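Each protein sequence line maps, in turn, to chains A and B. Quick note, the first sequence lines up with residues 4 to 117 if you use our numbering. Quick note, the second sequence lines up with residues 471 to 784 if you use our numbering. We put the beta carbon where it would ideally sit given N, CA and C, even for glycine. Fair warning: this is a prediction, and the values are worked out from it, not measured in the lab.
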Amino acid sequence: MTLDEICRLLEGEFLSGQAKRGEEVSIVGATDLMSDALAYMKPKSLLLTGLANIQVVRTAEMADLKAVCFVRGKQLEASVIEEARSEELPLMRTPFPMFKACGILWQKGLNPCF
Amino acid sequence: MEKNPHKDSDRDTRAIFISKVQELAYEMKVEQVMTPNAVSVPPEMRMDDLRILMQKERISGVPVVTGGAVQGLVSIEDLMNYLASDEKGRTVAEKMSKKVTTVFKDDPLTRAVNLFDMTGFGRFPVVDRGTGKLAGVITKGDIVKGFLKRLEVEYHEEEIHRYRASHFFEDIVADKATLTFHYGVKGGDFAKAGRASSGLKKTLSRLGIKPEVIRRVAIASYEAEMNMVIYSKGGRLSAEVTPEIIKVTATDVGPGIPDVEKAMQPGYSTASPWVREMGFGAGMGLPNIKKCSDHMVVNSVVGTGTTVEFIIGV
């Protein structure tokens, strides 16, 4: 599924990395714990998280994640979005809570990390 | 009992291969491996004409379609049963299997693999989710061919990486070459935490090191760097790169770890709540480093500082 379709399903918006909206994702992980993301997420997967700080962008960079989607309409500091832009990392934001966002993507056939 | 190193490495290679194929099965889509524009027949076709068609096309099963929509599947088995009976002049609609399992074009390959496993069928018609019309046919052979093609492409990319990396070291005239990179890490500075690992990751990428190796180095370095930021007054992250290995050393000035063995246990943490709010401090740092590396040593002196050293093969 493309990032664009995911964004639409979650009624979300892009905060950075719009140029990559056509890229495909098939594996999703959801956690607020960055060590969990580093340990268990697959390269090129999508991270759903309620954590809104610079370390999310770093984690995505280190673990070669495809994109990050923040849940519950989290507000981000400009420096976080700026960092994501310079790393060409797509950031999205959905108004939905974590459980609902996961449910929607699961129902549409996206896969867990393991 | 003595350990047989060959057995272990065989198992490791197989484990890596299986997880690679599993990953591909999740990543790849049915439409990437299916046979598009596959032969289909109308329900009113006579079974005798089907025999000629199947012989000519050398296929063992055909989707039955009206106006693009799949009505059934007629296989060589249906044809043989028909020929063995005394019936004459029957149509495909009368002999086909009406209960057909189909897959969608945009389904992950893993769905098709599981269905082949569960049903024992040889082929599935592939349907476009949007229009509901037949888009192609997928067989087990298509899946195997798709995997092999993809693995070949990845192998080729890996060869290019290897060439670039080996080339870099070949250009250096020395009996033994080691590149060393140093990065300073400031204790308590969460906003800048991760910059050292980010710099190291970009540098390794420019050297042409394989992406899977870089990812392991990056994750382990980042965990080590976060530990320095969270618990110490700061320190230095250094990486030594040779054609064979990457050795990373994270040395800090700080309180040290009283019980290293305990700190290595997953879930053990002394982190304060503010660290947990940042998404760390769940007692996964050192276990994560160990998981990513081939060899790891922690040396700590209480009241002085900690050194974490890990080695990852290139």
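If you draw a straight line from the Cα of L68/A to the Cα of L549/B, it comes to about 50 Å. Of all alpha-carbon atoms in S708/B, E710/B, V573/B, N769/B, the one lying nearest the alpha-carbon of P728/B is that of N769/B. When the alpha-carbon of V562/B is set against those of T589/B, K732/B, E514/B, the nearest one is in E514/B. The criterion of a C-beta distance shorter than 8 Å is satisfied by L13/A and A104/A. Classified as exposed, D764/B has fewer than 16 neighbouring CB atoms from the shown chains inside 10 Å of its CB. For D67/A, no alpha helix (DSSP H) segment is defined, and its DSSP state is neither H nor E. In the DSSP annotation of this structure, the continuous segment of the alpha helix (DSSP H) that includes Q110/A starts and ends at 101-110. Using a Cβ distance threshold of 8 Å, T5/A and E26/A count as a contacting pair.
The continuous beta strand (DSSP E) containing D722/B extends over residues 715-722. Under the Cβ distance rule, K23/A does not count among the residues neighbouring chain B, no pair being separated by less than 8 Å. Distance from the CA of Y625/B to the CA of F17/A, rounded to the nearest whole angstrom, comes to 34 Å. Residue contact with chain B for L68/A: absent (no Cβ-Cβ distance below 8 Å to any residue of chain B). Taking 8 Å as the threshold, the shortest C-beta distance from R685/B to chain A falls below it. Closest in C-alpha terms to K615/B, from the list L604/B, T777/B, V503/B, D722/B, comes V503/B. In this structure, G531/B and R593/B form a Cβ contact; the two beta carbons are roughly 5 Å apart against a cut-off of 8 Å.
When secondary structure is reduced to three states using DSSP, F574/B falls in the strand class.
In the structure shown, G755/B falls within a helical segment according to DSSP collapsed to helix, strand and coil. The bridge partners DSSP lists for E501/B come to none. Close to R61/A, with beta-carbon spacing below 7 Å, are these residues of chain B in chain order: G664, S668, Y692. Fewer than three pairs of CB atoms, one per stretch, sit closer than 8 Å, so the region 749-757 of chain B makes no contact with the region 674-684 of chain B. With respect to chain B, the C-beta atom of K45/A has a partner C-beta closer than 8 Å. At a cut-off of 8 Å between beta-carbon atoms, M588/B makes no contact with chain A.
In chain order, Q58, T62 place their CB closer than 6 Å to the CB of M37/A, counting only its own chain and leaving out the 5 sequence neighbours on each side. Per DSSP, A605/B is one residue of the beta strand (DSSP E) stretching across 604-609.
For S708/B, the enclosing beta strand (DSSP E) covers residues 704-711. Rounded to whole angstroms, F639/B and W109/A show a C-alpha spacing of 46 Å.
The beta carbon of A87/A does not come within 8 Å of any beta carbon belonging to chain B, so the residue lies off that interface. Taking Q492/B as reference, the option from A33/A, K111/A, I9/A, S29/A with the minimal CA-CA separation is S29/A.
G657/B is not a Cβ neighbour of K717/B, given a cutoff of 8 Å. Not a single CB atom of chain B sits nearer than 8 Å to the CB of S19/A.
Look at the region 515-584 of chain B and you find these whole runs of beta strand (DSSP E), each 3 residues long or longer: 531-536, 539-545. In summary, the residues of the region 733-766 of chain B whose CB is separated from some CB of chain A by less than 7 Å are M748, G749, F750, A752, M754, G755, N758, K761, in the order they occur in the chain. Counting of Cβ neighbours within 10 angstroms places P512/B among the exposed residues, the total staying below 16.
Assigned with DSSP and collapsed to three states, P93/A falls in coil, not helix or strand. Listed along chain A are L41, M65, A66, each with a C-beta nearer than 7 Å to that of I689/B.
In this structure, DSSP gives C116/A a state outside helix and strand, which the three-state scheme calls coil.
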